[in-house]
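Encoded as structure tokens, the structure appears first; notes follow it.
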Amino acid sequence: LPLVTEPVTLTIGIAQHALTTNYEENDFTQLVESETGVSLDFELFPSDEAAKKFSLMVTAKQKLPDILCMGFSDIERASYGSTGVFVPLNDYFENDAFYFRETLAKWASPKELEDVFKYGTSPDGNIYAYPMYSIDPGDSSALGMWINKQWLDNLDLAVPKTTDELYDTLIAFRDNDANGNGDNNDEIPLIGHSQWMGNVDIYLMNAFIYDAFAGTWGYQFNVDDNDQLYAPFITNEWREGMRYINKLSEEELLSPISFSQTQNELRAILSDPSDTDSIIGAFVGHPSPLFGGDGVPRVMEYMALPAMVGPKGISWTPNAGWFASYSTQITRSCENPQLAFRVMDAISREDISISHRYGVQGTDWEYTEEGTPSHVLEGYNVVYKQTQTPERGARWTSENNTIWHATHMAQIPPKLHGGNQKPEYANEYRDYQMRDLWYESVPLRFYSHPDKIATRLIFTQKEVDDISELQTTIRTYVDESRTRFILGDMDIENEWDSYLSTLDSMGLSHLLEVSQETCDRMSAQ
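The structure is reproduced here in structure tokens:
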């Protein structure tokens, strides 16, 4: 750096973010310009119709931005690439990805780097988008349960570790006025919600069989010892799990609203700052949003649980995997694609990537090795800290012209992301919420998944045409049947064979066959 000695301008197309007040007069833009020597102009797309506008520009054969910061599905990206709209980046990664490789060599494992390329490669073998590998290490395994330790103490109960112990604990919560207010009927022993990481049924099922066949985890099939895919939801182990969860529902230990209420509705109960009686014994859901952002006294009543151990010793946590995003493309209109790539690569330099996310170095963040890292995973050390003040809050969540509010080209792998120094929270309640309930709970789940998991499959257009409707039909049916089995609308004993027959007639075997072919092709790359 810099990349040029004569004035050069590149145009970046980007969807307008509501929090970004200006892209040209922007601290991050100016950082990139000063480091590379390249001037950046912006073509803003409407945030709600960005892809539609771009499609119309392509159809009309209009001039496109040199660099396009916009996300597409794997199939859409491959289609634009194969028709010449996006430039293949393979050779540039081979010859010009200096900072990209430097940052990932320092902070990512060889397997992580391999996966970044693997999942960014289209079926024709080309890479049509520049990756952004910015990962919070805890999010991939965030599904957990938290229990009211005050209720455990009130009833002189041990912390449950198995499904049988959990059942007995929930019975005690239900029958013994666990909150001590004299009312035996106001306790909700266990509850979840219907949105991100609120899947109480998935949490419990993983004590019987590994199950990540749900929207949060991309509807994963399981992988056996011979690398063959299979559907967890047609196994005897899954049926046993259904029996257990149905028992919790039938005995009023698991609230039925867990499958319909939103995260905000559960949050309204858990984050109540008043001195009303606690009514929830245990919950599944991320503690950060569920207790609000200000810290409430009630949070101190809870503690994290590890994954439950089932009757056969199974104790898994579904894992979403660590995946890069691929949302930056060089278009056919770019006259100097190598320079465009090198600008993208410059943004992958460690300090520029951190600035892409957090703001101005020396003002919003700074390097440090002191203190404790936010994540307490083995091998994670403090690398930097955020330095926001009440007058200048976190850039990511505030309206400003400091950053773009989208880290399209940043490389902040888990070990770098997790090297963020533990911040000083507003009060002891918020500190306990984030430190004890969240960050310190991550190791309880982080490694508890099978060695082989089919986290993401990249289908060809032909395969998508073949199975897309099939996928939707089967996913919807399994989701609906799961809830109906739990709530008793379907009988796990008398309607199990009918459930299996319906999946067979829908074409589950064909979906597995095509998925297996895709998995084998990706493994051979």
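If you read the sequence shown in our numbering, its first letter stands for residue 2, the second for the next number, and so on. In this text, a Cβ means the ideal position worked out from N, Cα and C, and glycines have one as well.
Simplified DSSP assignment, three categories, for residue i
| i | result |
| --- | --- |
| Cys-520 | helix |
| Gln-387 | strand |
| Ser-123 | coil |
| Asn-401 | strand |
| Met-258 | In the sequence as presented, Met is not what sits at residue 258; that position holds Ile. Residue state, collapsed to three classes: helix. |
| Asn-265 | helix |
| Ile-210 | coil |
| Ala-16 | strand |
| Met-410 | coil |
| Glu-44 | strand |
| Tyr-134 | strand |
| Ser-279 | coil |
| Ser-141 | helix |
| Ile-348 | helix |
| Ala-305 | strand |
| Ser-328 | strand |
| Trp-147 | strand |
| Phe-1 | Here the chain comprises residues numbered 2 to 526, so residue 1 is not present and cannot be evaluated. |
| Thr-236 | coil |
| Val-479 | helix |
| Leu-156 | coil |
| Phe-447 | coil |
| Ile-454 | strand |
| Asn-247 | helix |
Test item: CB-CB of residue i and residue j under 8 Å
| i | j | result |
| --- | --- | --- |
| Gln-221 | Ala-213 | yes |
| Asn-155 | Gly-183 | no |
| Leu-20 | His-406 | yes |
| Glu-464 | Thr-519 | yes |
| Ile-315 | Ser-256 | no |
| Val-310 | Ala-159 | no |
| Thr-373 | Val-383 | yes |
| Thr-261 | Ser-195 | Contrary to the premise, residue 261 reads as Ser rather than Thr in this sequence. Cβ distance < 8 Å, so Ser-261 and Ser-195 count as in contact. |
| Phe-43 | Asp-346 | no |
| Arg-446 | Leu-65 | no |
| Phe-46 | Met-71 | yes |
| Tyr-24 | Phe-342 | no |
| Ile-13 | Leu-57 | no |
| Leu-501 | Ile-235 | yes |
| Leu-378 | Val-479 | no |
| Leu-230 | Leu-513 | yes |
| Pro-338 | Val-88 | yes |
| Leu-306 | Trp-147 | yes |
| Ser-259 | Val-201 | yes |
| Gln-517 | Thr-122 | no |
Backbone CA spacing between residue i and residue j [nearest angstrom]
| i | j | result |
| --- | --- | --- |
| Arg-244 | Ile-487 | 8 Å |
| Leu-291 | Ile-270 | 9 Å |
| Met-507 | Val-515 | 14 Å |
| Gln-434 | Gly-419 | 17 Å |
| Gly-85 | Ala-79 | 10 Å |
| Ser-35 | Pro-3 | 8 Å |
| Val-50 | Gly-489 | Rather than Val, the amino acid found at residue 50 in this sequence is Glu. Approximately 42 Å, taken between the alpha carbons. |
| Thr-6 | Val-33 | 15 Å |
| Val-59 | Ala-52 | 11 Å |
| Pro-90 | Asp-228 | In the sequence as presented, Pro is not what sits at residue 90; that position holds Leu. Spanning the two alpha carbons is a distance of roughly 31 Å. |
| Leu-417 | Ala-109 | 9 Å |
| Lys-150 | Glu-166 | 15 Å |
| Leu-105 | Ala-16 | 27 Å |
| Ile-128 | Gly-216 | 26 Å |
| Gly-394 | Gly-282 | 35 Å |
| Asp-176 | Asp-187 | 10 Å |
| Gly-38 | Gln-422 | 32 Å |
| Leu-254 | Asn-247 | 10 Å |
| Glu-528 | Asp-352 | In the structure as shown, the chain begins at 2 and stops at 526. Residue 528 is therefore absent and cannot be evaluated. |
| Met-301 | Leu-509 | 46 Å |
| Ser-570 | Ser-375 | Nothing about residue 570 can be read from this structure; the chain reaches only from 2 to 526. |
| Leu-267 | Glu-481 | 21 Å |
| Met-304 | Ala-179 | 16 Å |
| Asp-169 | Trp-152 | 13 Å |
| Ile-493 | Glu-238 | 13 Å |
| Leu-458 | Ser-524 | 10 Å |
Residue i Cβ short of 7 Å to the ligand MG heavy atom set
| i | result |
| --- | --- |
| Pro-451 | Judged by which ligands are present, the structure shown has none, so any question about the ligand MG falls away. |
Chain C within 8 Å of residue i, Cβ atoms only
| i | result |
| --- | --- |
| Ala-143 | Absent from the structure is chain C; it holds one protein chain and no more. |
Specify whether the stretch 127-147 and the stretch 409-428 touch according to this definition: at least 3 beta carbon pairs, one from each stretch, less than 8 Å apart. yes
Every unbroken beta strand (DSSP E) inside the stretch 50-110 [3 residues or more]: 68-70
Do the stretch 136-148 and the stretch 281-298 make contact, defined as three or more Cβ pairs closer than 8 Å? yes
Cβ pair count under 8 Å reaching 3, the stretch 105-124 against the stretch 292-307: no
Three or more C-beta pairs closer than 8 Å, one from the stretch 12-32 and one from the stretch 393-401: is that the case here? yes
Would you be able to state if there are at least three C-beta pairs under 8 Å between the stretch 449-458 and the stretch 313-322? yes
Pick out the complete beta strand (DSSP E) segments inside the stretch 351-384, 3 residues or longer, and give them in chain order. 366-368
4-residue-minimum alpha helix (DSSP H) runs that sit fully inside the stretch 189-233, ordered along the chain: 201-206
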